[in-house]
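A.B. asks: Residue numbers (the working numbering): -9 to 74.
All residues carry an ideal CB built from backbone N, CA and C; glycine is no exception.
The model shown is predicted, which means the values in this text are computed figures rather than measured ones.
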Amino acid sequence: TPDGKHIIFTGQDDKGLDGVFIQDFVPGKDTIATRKKLAGFDPDWVSESLGISPDGKRLGISESERMFTVYIAEPIHQTPKDRK
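(1) Mapping the DSSP letters down to three states, classify A23 as helix, strand or coil.
(2) Among residues of its own chain, excluding the 5 on either side of I22, which ones have a beta-carbon nearer than 8 Å to its beta-carbon?
(3) Leaving aside the five residues before and after E55 along the sequence, list all residues of the same chain whose C-beta is less than 7 Å from its C-beta, in chain order.
(4) So G41 packs on G9, CB below 8 Å; how close in whole Å?
(5) Using a Cβ-Cβ cut-off of 8 Å (strictly less than) and excluding sequence neighbours within five positions of L49, which residues of its own chain qualify?
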């Protein structure tokens, strides 16, 4: 964070959901106990990256939709009359 007191990062929670965490930052000290969920953690979305405004008041998250889809592609060189 701009004040240097926290780190903000993407990761997975204990359920395997992607999101953004915030955690205290103290050099040389284990601060994992201060880790908290900040945003994301939706089963339909994957949090991929983030950005923080210089004043630390805004957070932007890039997410992609988690989709499990099968597509069929037909040959594109055929015209409709060539298809049987």
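C.D. replies: Taking the structure as given:
(1) helix
(2) Q13
(3) D34, W35
(4) Contact flag wrong, Cβ pair sits at about 15 Å.
(5) I(-2), V10, L28, A29, L40, G41, I42, S43
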